[in-house]
Amino acid sequence: MEMLVVMTIIIILGAMTFTAFDGLQNTVKLNEYMLNLEQDVGSVQRSSMLLQRNSGERWIYGLGIDFSSITEDGDYRTFKWCSPYSDYGDIRTRSKLPAYNPEMNIDDINAHLPEISEASYTSSTCPLAEPVSEFKNLSGYVGTTKPPKATITILGTEATRVNYVLFESVSGRTFFYNEDGDLLNYTSDGEPIDNPVNFELEITPMGKGSTRRLAITNLSGKISTYMYNE
Numbered sequence: 218m219e220m221l222v223v224m225t226i227i228i229i230l231g232a233m234t235f236t237a238f239d240g241l242q243n244t245v246k247l248n249e250y251m252l253n254l255e256q257d258v259g260s261v262q263r264s265s266m267l268l269q270r271n272s273g274e275r276w277i278y279g280l281g282i283d284f285s286s287i288t289e290d291g292d293y294r295t296f297k298w299c300s301p302y303s304d305y306g307d308i309r310t311r312s313k314l315p316a317y318n319p320e321m322n323i324d325d326i327n328a329h330l331p332e333i334s335e336a337s338y339t340s341s342t343c344p345l346a347e348p349v350s351e352f353k354n355l356s357g358y359v360g361t362t363k364p365p366k367a368t369i370t371i372l373g374t375e376a377t378r379v380n381y382v383l384f385e386s387v388s389g390r391t392f393f394y395n396e397d398g399d400l401l402n403y404t405s406d407g408e409p410i411d412n413p414v415n416f417e418l419e420i421t422p423m424g425k426g427s428t429r430r431l432a433i434t435n436l437s438g439k440i441s442t443y444m445y446n447e
């Protein structure tokens, strides 16, 4: 009987120790993941302002981060948005918005992201022989840190939830697009709206632990991180 009691106590203590260790391990992983994410966002923005095209490449509207699958598996990808133009000069490379012709309203073509698929990330160059608007893979920026055991949420309504963050070439200005590639925070005639949305990502760890939030501010691209308890 005494042996049974001792074994029960040992099992309970072991379970408590394992749970505590697992929670600590997940907290460390969460902190590392958030730090890498913050660094990746900052690195991509800086690179957009110092952008150097490879020889034989078309003009690049900007560099960005694809967050479209981060809520499913914690993964995100970096891209460069290649213009169909060989160099700076066309109105769509000079206007106040990327890929925007101010003589036309913003729609599913004007100032809109190109069609995005898995094939978009199979190549990293924008050859002159392919004059189309398209995404290409931007390698060397996404870390290999595995996402923590957590629920990851992009805040906002379905229409205003940011899935793609673009940093404009040279200026580094920040633009947001929803899952359909629609430009957010601007009216159909290209004017900024009064209350623009920002990118806000929230990570809530499973079990105990503080919720983390990363925010990117519209236009300026300022990165902010927060930690709070529910």
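Numbering (this note's numbering), first residue to last: 218 to 447.
The C-beta atom is built at its ideal place from N, Cα and C for all residues, glycine as well.
All of these numbers come straight from a predicted model, not from anything done at the bench.
C-alpha gap between residue i and residue j, whole angstroms
| i | j | result |
| --- | --- | --- |
| PHE392 | GLY424 | 35 Å |
| SER337 | PRO364 | 23 Å |
| VAL349 | VAL379 | 24 Å |
| ASP324 | SER427 | 41 Å |
| LEU401 | SER441 | 20 Å |
| THR377 | ASN395 | 6 Å |
| ASN415 | TYR403 | 13 Å |
| MET444 | SER265 | 28 Å |
| ASN318 | LEU436 | 19 Å |
| ASP239 | LEU418 | For ASP239, the predicted structure reports a pLDDT of 47, less than 50, and the residue's modelled location is therefore unreliable. The matter cannot be settled from this model. |
| GLU351 | GLN242 | 40 Å |
| ASP257 | LYS439 | 13 Å |
| SER341 | GLU249 | 27 Å |
| GLY273 | GLU255 | 32 Å |
Test item: CB-CB of residue i and residue j under 7 Å
| i | j | result |
| --- | --- | --- |
| GLY281 | LEU431 | no |
| GLY279 | PRO315 | yes |
| CYS343 | ARG294 | no |
| LEU330 | GLY398 | yes |
| LEU247 | PRO409 | no |
| ARG429 | MET251 | yes |
| SER405 | ASN322 | yes |
| ILE369 | THR288 | yes |
Selection from the options that minimises the alpha carbon distance to residue i
| i | options | result |
| --- | --- | --- |
| SER300 | ARG429, VAL379 and GLU385 | GLU385 |
| ASP290 | ILE308, SER303, ILE420 and MET321 | ILE420 |
| SER388 | TYR403, VAL359, ARG263 and ASP283 | ARG263 |
| ILE433 | ARG311, MET321, LEU372 and ASP292 | LEU372 |
| GLU375 | SER285, ASP304 and GLU351 | SER285 |
| LYS313 | GLY438, GLU417, GLY407 and GLN256 | GLY407 |
| TYR305 | GLN269, ASP257, LYS439 and VAL359 | GLN269 |
| ALA328 | SER340, GLU335, ILE308 and SER341 | ILE308 |
Assigned exposure category for residue i - 16 Cβ within 10 Å defines buried
| i | result |
| --- | --- |
| LYS297 | buried |
| ALA367 | buried |
| ALA346 | exposed |
| LEU267 | exposed |
| TYR381 | buried |
| ILE326 | exposed |
| ASP283 | buried |
| TYR302 | buried |
| ILE459 | Outside the shown range of the chain, which is 218 to 447, sits residue 459, and nothing can be said about it. |
| LYS353 | buried |
| ILE277 | buried |
| THR310 | buried |
| GLY259 | exposed |
Identified DSSP bridge partners for residue i
| i | result |
| --- | --- |
| TRP276 | None, per the DSSP bridge assignment. |
| ILE323 | Paired residues: none, contrary to the question. |
| TYR443 | ARG430 |
| THR391 | PHE384 and LEU436 |
| TYR305 | ASP307 |
| GLU375 | Beta-bridge pairing links GLU375 to no other residue. |
| ALA316 | Partner(s): none; ALA316 has no beta bridge. |
Residue-chain proximity (residue i, chain C), Cβ-Cβ < 7 Å
| i | result |
| --- | --- |
| THR370 | The displayed structure is made up of one protein chain only, and chain C is not part of it. |
Residue i: CB within 6 Å of a non-hydrogen atom of the ligand GTP
| i | result |
| --- | --- |
| GLU289 | In the structure on display, the ligand GTP does not appear, and there are no ligands present to speak of. |
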